[in-house]
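Student: Mind having a look at this structure? Questions to follow.
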């Protein structure tokens, strides 16, 4: 019980769920929030969202000595840190009251495919994510107090949600060049300047949400507006001006997509 109490003490657990459920008396695969692979019984996902947890995210989560100790505690999985990390592909810590900054040791776990840390009360900037080593395809950081720059060069990234934070400055030009990006949500925040033209010339983007920022300038000409997979676009609450691209009215929507398409919203702009 001592080891379990130490683990739970890393985060305040007001509902006492982890303290009563995460016990060495049962298989880790039976712990609340833990999912294991059916063949090798190794951890593949950790979801402790909506438990009312408070405190800071332990920086040791991606640290060698801490995870080696974890591996000993849950020996049913493995005694090897490397094997443990190979299997951890999904991490959900959203809908809690976590505060402090995001540790680079967490977001840079090489096997991680999806990470969701919102909503919480996190602050500071997003740690630098190595471009050539990250396997991340989904990053959810919505509804925190984050500032600084947003990830811009992750080749595999398909979903990026940084909405309801305190990001400012210009949207990076590189965003529109991500070849797998499908979901891009940056509003509300405090972004200013022009919308990168490359964002309107993507073969993969389905949803663009930039509402409630301070973006300005014109939308691209119809000849430069090419979003064949587009289903939803939100630009309301900005300072955009000029004509609306005529090509938005001629987007080809297949029957299976027709019910999904949302109105092109530009309210509070002068488009």
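Residue numbers (mature numbering (1 follows the signal peptide of the UniProt record, and there is no 0)): -19 to -1, 1 to 252. We put the beta carbon where it would ideally sit given N, CA and C, even for glycine.
Going by beta carbon distance, what residues of the same chain come within less than 7 Å of residue 145, once the five residues before and after it are set aside?
Tutor: Excluding sequence neighbours, residue 145 sits near 123, 124 and 169.
Student: Taking the DSSP output, what are the residues bridged to residue 182?
Tutor: Beta-bridge pairing links residue 182 to 207.
Student: Leaving aside the five residues before and after residue 89 along the sequence, list all residues of the same chain whose C-beta is less than 6 Å from its C-beta, in chain order.
Tutor: If we look at residue 89 and ignore the five residues flanking it on each side, it has no Cβ neighbours.
Student: Measure the C-alpha to C-alpha separation of residue 149 and residue 128 and round it to an integer number of angstroms.
Tutor: Roughly 7 Å separates the two Cα atoms.
Student: Could you compute how far the alpha carbon of residue 139 sits from the alpha carbon of residue 6?
Tutor: Each residue's alpha carbon lies about 40 Å from the other.
Student: Flag this pair as yes or no: are the beta carbons of residue 104 and residue 126 separated by less than 8 Å?
Tutor: In this structure, residue 126 lies closer than 8 Å to residue 104 by Cβ.
Student: Run through DSSP, which three-state label would residue 193 get?
Tutor: Three-state result, residue 193: coil.
Student: Which of helix, strand or coil does DSSP assign to residue 156?
Tutor: Helix.
Student: Could you give the uninterrupted runs of the beta strand (DSSP E) lying entirely in the segment 100 to 143, keeping only those of 3 residues or more?
Tutor: Runs of the beta strand (DSSP E) inside the segment 100 to 143: 102 to 106, 119 to 121, 126 to 128 and 140 to 142.
Student: Within this structure, are the beta carbons of residue 154 and residue 179 separated by less than 8 Å?
Tutor: Yes, the Cβ-Cβ distance between residue 154 and residue 179 is below 8 Å.
Student: Looking only at DSSP bridge pairs, what is residue 212 linked to?
Tutor: DSSP, once it has assigned bridges, lists no residue as partnering residue 212.
Student: How far does the alpha helix (DSSP H) with residue 88 in it reach, from first residue to last?
Tutor: Looking at the DSSP string, the run of the alpha helix (DSSP H) that includes residue 88 is 85 to 88.
Student: One question on the structure: do residue 226 and residue 202 come within less than 8 Å of each other, judged by their Cβ atoms?
Tutor: Their beta carbons are under 8 Å apart, which means residue 226 touches residue 202 by this criterion.
Student: Tell me the rounded alpha-carbon separation between residue 134 and residue 152.
Tutor: Rounded to the nearest angstrom, the two C-alpha atoms are 13 Å apart.
Student: Please identify the residue among 182, 187 and 108 whose C-alpha is closest to the C-alpha of residue 200.
Tutor: The option with the nearest alpha carbon to residue 200 is 182.
Student: Quick check: the Cα distance between residue 77 and residue 16, rounded to an integer number of angstroms?
Tutor: If I take the Cα positions, the gap works out to 19 Å.
Student: When you compare the CB of residue 7 with every CB in chain C, is at least one pair closer than 8 Å?
Tutor: This model lacks chain C altogether; it includes just one protein chain.
Student: Does the beta-carbon of residue 61 have 16 or more other beta-carbons within 10 angstroms, so that it is buried, or is it exposed?
Tutor: Residue confidence is low: residue 61 scores 36 on pLDDT, short of 50, so the model does not pin down where it sits. No coordinate-derived value is stated.
Student: Tell me whether residue 2 sits in a helix, a strand or coil according to DSSP, three-state version.
Tutor: In this structure, residue 2 counts as helix in the three-state DSSP scheme.
Student: Roughly how many whole angstroms lie between the Cα atoms of residue 64 and residue 18?
Tutor: Because the pLDDT at residue 64 is just 47, under 50, the model does not fix this residue reliably, and the point stays unresolved.
Student: Just grab the DSSP bridge partners of residue 96 for me.
Tutor: Paired residues: 72 and 120.
Student: Near residue 167, which residues of its chain fall below 6 Å by C-beta distance, leaving aside the five closest residues on each side in sequence?
Tutor: Correct list, in chain order: 143 and 191.
Student: Is it the case that the Cβ atoms of residue 79 and residue 96 are separated by a distance below 8 Å?
Tutor: No, these two residues do not count as a Cβ contact at 8 Å.
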